[in-house]
Every structure is written in C-alpha cells, then in structure tokens.
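Add 29 to the 1-based position in the sequence shown for the numbering used here, that's all there is to it.
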Amino acid sequence: MKFTIGTDIGGTNTTTGIVDPSGKIIRSHSFRTDDYDDSQQYAAQLAESVTSLIQQTEAELGGADVEWLGMGIGAPNGNSLRNSIDHAPNLRFKGEILLADMLNQHLKLPTIRLANDANAAAIGEKIYGGAADYDHFIMITLGTGLGSGIYVDGKLVDGQHGMAGEVGHMSVIPNGRYCNYHRRGSLENYCSAMGIRRTFFEMLAETGQASKLNHLPIDDIDSKLIAKCASEGDAICKDTMEFTGRLLGEALASVALVTNPAAIFLFGGPVQAGDILLSPTRRSFEKHIIPTYQNKIKILTSELPLGEAALLGAAALVLTNK
C-alpha cells in the first residue's frame with residue numbers, strides 16, 4: 030500500500046498526517062511551532078514526529094507491503110523552487126530556512142517537497158477536492174491571513190522565484206491598514222478572519238450602533254461569531270460581512286483578469302459563513318468584472334474538509350508535477 034505524508038506548518042502549531050491512497054488521514058500528530066526559534070531544532074522535532082508516525086503505521090499494518098511515496102509540506106512563505114521557507118513573518122525562526130534539506134538529514138524518504146500553504150491547498154483541491162476537472166482555477170484561502178494558489182493550463186503557477194500567488198498582499202485600499210510587511214491597504218488586512226474582526230470593531234466605533242456582541246469581552250469576538258450574528262440580523266455584523274464580501278469580490282474581479290480562470294474556489298473559516306459572505310462577494314465580482322468575463326467564472330466553495338484540508342494539500346504535493 031502506498032502512503033504519503035503531509036505536514037502543515039502554522040505559526041502556532043505544526044501538524045503531520047499519514048494519508049492513504051483514498052485521501053483519508055489515518056493518523057496525525059501535532060506539536061507547538063512557536064516553541065522553536067532555532068530552525069535546526071525545529072527540523073529535528075518535525076523529523077522525530079514523522080518517524081514516530083511511520084513506525085506506528087508500519088506496526089499497525091503488521092508487515093504488509095508499505096511504500097512511502099514522500100512528504101509534502103505546506104508552510105507560510107514556502108518557496109517551492111528551493112523547498113525553503115523564506116522570511117516568514119509569523120514564525121520564530123527567521124531568514125531563509127532550507128527545511129527539506131534539513132529533514133533529509135534525518136529521514137529516508139524518496140522526496141520531500143515544500144510549498145506555500147495556499148499553493149498546497151490548491152494542489153489538494155485539484156487532487157482531492159472540487160477542481161479535478163478544472164485546468165484554470167484560483168484557490169483563495171481565508172484564515173488568519175489570506176493566501177492564494179493559481180492554476181493555469183493544468184499547472185500550478187510558481188513564478189520566477191517560487192513565490193507566485195500572493196493575492197493577499199495586493200493593495201486594495203490606498204493608505205489603508207498596515208500589514209506585517211509595513212505596506213498599507215492589503216486585501217489580507219480586510220478579508221481574512223482577523224480583517225473581518227477589525228472591520229467589525231471599526232464600524233462599531235464609527236456608528237455607535239448597538240450589537241448583540243456588545244456584552245462580550247473583546248477577545249471572545251471572532252469572525253465566526255460575527256458571521257453568525259449577521260445571519261441572525263445584527264446590523265453591524267451584517268454591514269461587516271457585506272463590506273468584506275464587496276471588497277473581496279472586487280479584488281477577485283481584478284485577479285481574474287490576469288489568468289481568466291474557469292472557477293475561483295474559496296476555502297477557510299470565514300467561508301463557512303455561507304451566503305452571508307458569498308452573496309455579496311459574487312454580486313461584487315460580477316459588478317466589477319469586465320463584460321466579456323461576466324457570468325463565465327464560477328465562485329465556488331472548496332470541497333476539501335475544513336479540518337483536513339491543510340494536511341491533504343501538503344500530502345498532495347508528492348502526487349503532482351504541478
């Protein structure tokens with residue numbers, strides 16, 4: 030039986046899973062990413078986690094014929110050409126980290142491939158999700174940040190330096206909010222989960238309107254709760270989601286002009302809000318796209334399971350030539 034290994038590196042946690050040929054995660058293990066400021070120590074811990082999972086799997090199968098196809102890693106600021114993490118702002122270990130090379134010192138696997146986490150999600154959508162029949166599509170991941178992966182002619186776009194697809198860092202509001210790169214007005218700062226939360230508090234302060242959430246501690250208010258209250262009719266929450274969808278749709282209309290995709294897939298926690306976000310996004314997209322593109326590009330929700338998508342996308346790196 031052939032297995033792949035997928036690792037999702039987040040700013041807080043790192044999770045690794047074993048994926049069987051059907052795309053099922055049969056076991057996984059997590060540890061704290063933010064416990065490490067030394068990349069060599071981090072790589073050693075990740076290798077130890079992978080080795081343990083391999084041993085557990087082989088023991089459970091009791092001597093059955095097992096083939097390990099390799100390991101895929103989805104990481105912030107992942108560079109697929111160098112299999113490295115380049116200056117990720119949300120990781121404690123800094124600089125250009127040649128993580129695959131470090132892991133090869135500990136693991137005996139046929140291949141170890143690393144990519145930007147959103148690019149990995151796009152590959153996962155292509156292999157395990159709803160994009161199997163699409164050669165031209167864009168994957169947008171909405172979470173703490175906003176990432177994207179772009180397919181053209183059936184291949185993932187890497188770019189000259191392996192860093193293509195940074196839609197989240199497009200400036201959409203001149204002189205807008207600052208981001209981690211000290212730029213202003215980026216899409217990520219408005220349409221990510223953190224951006225939605227910030228919009229809510231800004232609108233609350235500007236209008237002075239009452240909200241169902243007024244009685245809650247600030248730290249308890251997140252994008253999921255804002256979306257829930259919006260669907261229940263809370264005016265400020267509805268305005269927040271309407272603004273988010275309107276801005277996202279307009280930005281996606283600009284992105285679509287570059288590659289002319291057949292579909293744009295949306296994935297992540299905020300997308301679970303459903304029509305409260307998707308309806309204004311689609312309306313704004315059609316309003317701002319040029320006439321020759323109108324009603325030709327679908328905006329779809331990802332078919333990857335929310336809790337497993339990062340691992341499936343990472344593992345899928347091993348199964349494709351992009």
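From the three backbone atoms N, C-alpha and C, an ideal C-beta is built for every residue, glycine too.
Owing to the predicted nature of the structure, the values given are computational and were not obtained by experimental measurement.
Per DSSP, the bridge partner or partners of residue i
i      : result
Ile54  : Val48
Lys184 : Val181
Asn42  : Arg61
Met168 : Gly178, Phe294
Asp37  : Thr44, Gly103
Tyr207 : Arg213
Sub-7 Å separation of residue i and residue j beta-carbons
i      : j      : result
Tyr157 : Leu341 : yes
Pro105 : Ala222 : no
Met59  : Thr44  : According to the sequence provided, residue 59 is Ser. The question's Met does not apply to it. Yes. Within cutoff.
His233 : Gly274 : Here residue 233 is Leu; the residue named in the question, His, does not match the sequence. Result no, Cβ atoms of Leu233 and Gly274 do not sit closer than 7 Å.
Ile152 : Leu335 : no
Phe32  : Trp97  : yes
Ile169 : Leu295 : yes
Leu333 : Ala292 : no
Pro118 : Asn209 : yes
Leu276 : Tyr219 : yes
Ala280 : Leu216 : yes
Ala344 : Gly101 : yes
Gly278 : Phe229 : no
Gly214 : Gly205 : yes
Gly297 : Leu171 : yes
Ile255 : Cys266 : yes
Gly194 : Thr140 : no
Buried/exposed call for residue i, threshold 16 Cβ in 10 Å
i      : result
Met30  : exposed
Ser252 : buried
Lys123 : exposed
Val284 : buried
Val287 : exposed
Val95  : exposed
Lys155 : buried
Ala239 : exposed
Ile247 : exposed
Asp304 : exposed
Gly107 : buried
Ala93  : exposed
Asp37  : buried
Glu235 : exposed
Thr86  : buried
Gly262 : exposed
Glu337 : buried
Taking 8 Å as the cut-off, does the region 176-185 touch the region 137-147 (at least 3 CB pairs, one atom from each stretch)? With contact defined as three or more Cβ pairs closer than 8 Å, the region 137-147 and the region 176-185 are in contact.
4 or more residues per run - each alpha helix (DSSP H) lying fully within the region 220-275: If we require 4 residues or more, the alpha helix (DSSP H) runs fully inside the region 220-275 come out as 222-236, 252-260.
In chain order, each alpha helix (DSSP H) run of at least 4 residues that lies wholly inside the region 64-108: Whole alpha helix (DSSP H) segments, 4+ residues: 68-90.
Report the start-end ranges of each alpha helix (DSSP H) in the region 98-160 that is 4 residues or longer and not cut off at the edges. Complete alpha helix (DSSP H) runs here, min 4: 128-133, 146-157.
Extract the residue ranges of the alpha helix (DSSP H) inside the region 276-332, only unbroken runs of 4 or more that lie entirely within it. If only complete runs of 4 or more residues are kept, the region 276-332 shows the alpha helix (DSSP H) at 304-317, in order along the chain.
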